[in-house]
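Peer 1:
2 protein chains.
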Amino acid sequence: MSSPTAERAKRADAQRNIAAILEAARDCLIEDPDANVGEIAKRAGVGRVTLYGHFSSRAELVDAVFARTLEDSDHALDAVDLSGDPRAALDRLIASSWHIVDQFRSLLAAAQRSMPPERIRTTHERPLRRISSLIARGRDEGSFRADLPVDWMVALFHSVVHTAANEVSAGRLTEDDAPGVISATLQAAFAPTSHG
Amino acid sequence: MSSPTAERAKRADAQRNIAAILEAARDCLIEDPDANVGEIAKRAGVGRVTLYGHFSSRAELVDAVFARTLEDSDHALDAVDLSGDPRAALDRLIASSWHIVDQFRSLLAAAQRSMPPERIRTTHERPLRRISSLIARGRDEGSFRADLPVDWMVALFHSVVHTAANEVSAGRLTEDDAPGVISATLQAAFAPTSHG
DNA sequence: GCAAAGCCGAACATCTATGTTCGAGTTGAT
DNA sequence: ATCAACTCGAACATAGATGTTCGGCTTTGC
């Protein structure tokens, strides 16, 4: 049951505390990307020392929260149907991604302050591949333009969703309007060029 | 010659030092948005105390550098001809803005860490109006789509140029390719919808 | 040439956050 | 029931950065 290298299973209270810490850290970092360890521990209902017992540094905690959030988000996107007309699939992906990005964009800011860019990239890998393959298929089928690098189109997707989130939080865009605006923008940017 | 409230003109060496500090701060903050006051003073060839003699806090210095950079950039954009076909004008504006954004995007990061968002916004006001009025004219003339808010299109302009800069620094885009990619993207996103 | 304005480095005072240590108390697995 | 695992708060040790004070030296303006 236990491989040689396996660490002994944590005790139940420890597991509960770890879960509470991760949840509290997520909440705190969303409110303030610079939230300190003390605040996080307090919100988790745990002593600072206990927190350090489970995460040996703030950076490690941020990394854990970030990785777990990306994992959760990726899992949530499993529910999105990406088959059929690529244009329709893109709209569905936008509708789902929009909420996720809006919710967690502060978390990204926190991650960028304490994690190397390359680590952030690898953490994004799975959800990124999702978009990437949809775009690739759309190009193959002639639904999307093929005169721009796929990587660029992926970056653009991210960027536009992100920008919409910023505009909403700046009060220049309604939360209800956002998905439509994003879609109108990306569909136009992704459409094949008429005379190219 | 001197109004009652006018401060006495600074001595020549003081003026030189202030200029050196601003230049050094710009360079340092571009390399590292978190550069500290000591490094900046050292690069300016000036004591830390002297720096504090001219800028009472780090935040004030960052603000000064940022404001001055935006001013300079705005002035540089005066050379761009925004008349004639809005599509062509957009391309010219992209070509010029691209270098500026690429050069100073780290500075923006520095500003965002120490200035209130609203102050950042007002500092951007002039260059922003430039884009805004070009877009408005393009819409009036039927060259650009009118089914999206002007504010959104302005944000998109910023966002796309910014994203291109990031892609270049990540090595996924060539500096030479960037302007073309930006243009292809924005022209498509701004074009009037064929059947709307 | 002289006073004022400016410069300098070094040391000091805070402040804030991270991470650690201690000793004593709880809780959970078996 | 027992023992290890876990938790707790408080205090401590670092570390880095900001901003200030001091006394003496240099430059500039007139």
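These protein sequences, in sequence, are chains A and B.
Quick note, the first sequence lines up with residues 1 to 196 if you use my numbering.
Quick note, the second sequence lines up with residues 1 to 196 if you use my numbering.
Positions of the beta carbon are idealized from the N, C-alpha and C atoms, including for glycine.
Note that the structure is a prediction, hence the values are computed from the model and not measured.
Cβ of A/R98 less than 7 Å from any chain B Cβ?
Peer 2: Locating residue 98 of chain A in the first sequence gives position 98, counting from the first residue. Going by the sequence as given, residue 98 of chain A is Trp instead of Arg. No, because no Cβ of chain B sits closer than 7 Å to the Cβ of A/W98.
Peer 1: Taking only runs of the alpha helix (DSSP H) that begin and end inside the segment 103–150 of chain A, which ones reach a length of at least 4 residues, in chain order?
Peer 2: The alpha helix (DSSP H) runs of length 4 or more contained entirely in the segment 103–150 of chain A are, from start to end of the chain, 117–140.
Peer 1: Counting beta carbon pairs with one atom in the segment 30–43 of chain A and one in the segment 99–114 of chain A, are three or more of them shorter than 8 Å?
Peer 2: With the rule of 3 Cβ pairs closer than 8 Å, the segment 99–114 of chain A counts as touching the segment 30–43 of chain A.
Peer 1: Tell me the DSSP secondary structure of B/V46 in three-state form.
Peer 2: As a working note, residue 46 of chain B is residue 46 in the second sequence. If DSSP states are grouped into helix, strand and coil, B/V46 belongs with coil.
Peer 1: Compare the beta carbon distance of B/L61 and B/A19 with 7 Å and say whether it is the shorter of the two.
Peer 2: Counting from 1 along the second sequence, the entry for residue 61 of chain B is found at position 61. Counting from 1 along the second sequence, the entry for residue 19 of chain B is found at position 19. No.
Peer 1: Which chain B residues are close to A/E175, counting only those with a beta carbon under 9 Å from its beta carbon?
Peer 2: Mapped onto the first sequence, residue 175 of chain A falls at position 175. Going along chain B, no residue has its Cβ under 9 Å from A/E175, so there is no contact; the nearest lies around 14 Å.
Peer 1: Does DSSP put B/F190 in a helix, a strand or coil?
Peer 2: The residue you call residue 190 of chain B lines up with position 190 of the second sequence. Three-state DSSP puts B/F190 in a helix.
Peer 1: Could you tell me whether the segment 148–157 of chain B touches the segment 125–136 of chain B, using the rule of 3 or more Cβ pairs below 8 Å?
Peer 2: yes
Peer 1: Checking 7 Å against the spacing of the C-beta atoms, do B/V80 and B/R92 come in under that value?
Peer 2: As a position in the second sequence, residue 80 of chain B is number 80, starting the count at 1. As a position in the second sequence, residue 92 of chain B is number 92, starting the count at 1. Yes, the pair counts as a contact, with Cβ atoms nearer than the cut-off.
Peer 1: Can you give the Cα-Cα distance for A/D72 and A/A111, rounded to whole angstroms?
Peer 2: Working through the first sequence from its first residue, we reach residue 72 of chain A at position 72. Working through the first sequence from its first residue, we reach residue 111 of chain A at position 111. The alpha-carbon atoms of A/D72 and A/A111 are separated by roughly 16 Å.
Peer 1: Thinking C-beta only, is B/V160 closer than 7 Å to B/I182?
Peer 2: Taking the first residue of the second sequence as 1, we reach residue 182 of chain B at position 182. Taking the first residue of the second sequence as 1, we reach residue 160 of chain B at position 160. Result yes, Cβ atoms of B/I182 and B/V160 sit closer than 7 Å.
Peer 1: Just by C-beta distance, which residues in the segment 65–80 of chain B are closer than 8 Å to chain A?
Peer 2: none
Peer 1: Determine the chain A residues that contact B/V181 at a beta-carbon separation under 7 Å, and present them in chain order.
Peer 2: Here residue 181 of chain B corresponds to residue number 181 of the second sequence, with the count starting at 1. Simply L148, W152.
Peer 1: Using a Cβ cut-off of 7 Å (strictly closer), state whether B/D109 contacts chain A.
Peer 2: Indexing the second sequence from 1 puts residue 109 of chain B at position 109. Rather than Asp, the amino acid found at residue 109 of chain B in this sequence is Ala. Chain A has no Cβ within less than 7 Å of the Cβ of B/A109.
Peer 1: For B/T163, return the contacting residues in chain A, with the cut-off set at a CB-CB distance below 7 Å.
Peer 2: Position 163 of the second sequence, counted from the first residue, corresponds to residue 163 of chain B. The answer, in chain order, is A155, L156, S159.
Peer 1: Let me know the secondary structure DSSP gives B/N166 once reduced to three states.
Peer 2: Indexing the second sequence from 1 puts residue 166 of chain B at position 166. Correct three-state label for B/N166: helix.
Peer 1: Using a cut-off of 8 Å between C-beta atoms, extract the partners of A/R172 located in chain B.
Peer 2: What you label residue 172 of chain A is simply residue 172 of the first sequence in a count that begins at 1. The answer, in chain order, is P149, D151, W152, A155.
Peer 1: Per the contact definition of three or more C-beta pairs closer than 8 Å, is the segment 174–193 of chain B in contact with the segment 187–196 of chain A?
Peer 2: Yes: at least three Cβ pairs fall under 8 Å.
Peer 1: If the cut is a Cβ gap below 8 Å, which residues of chain A does B/E167 touch?
Peer 2: If you number the second sequence from 1, residue 167 of chain B lands on position 167. Correct list: D151, W152, A155.
Peer 1: Below 7 Å between beta carbons: does that hold for B/P127 and B/D78?
Peer 2: Counting from one through the second sequence, the residue named residue 127 of chain B turns up at place 127. Counting from one through the second sequence, the residue named residue 78 of chain B turns up at place 78. No, the pair does not count as a contact, with Cβ atoms beyond the cut-off.
Peer 1: According to a CB-to-CB cut-off of less than 7 Å, which residues of the segment 104–130 of chain B neighbour chain A?
Peer 2: none
Peer 1: What in chain B is Cβ-close to A/A191, meaning under 7 Å?
Peer 2: The residue given as residue 191 of chain A occupies position 191 in the first sequence. Neighbours of A/A191 on chain B, chain order: A188.
Peer 1: For B/S143, count neighbouring C-beta atoms within 10 Å of its own C-beta (all shown protein chains included) and say buried if the count is 16 or more, exposed if not.
Peer 2: As a first step, residue 143 of chain B must be located in the second sequence, where it is residue number 143. When all chains shown are included, B/S143 counts as buried.
Peer 1: Considering only residues of the same chain and omitting the five flanking positions on each side of A/L22, which have a CB-CB separation below 7 Å?
Peer 2: Residue mapping note: residue 22 of chain A aligns to position 22 of the first sequence, counting from 1. So the qualifying residues of the chain are A64, V65, R68.
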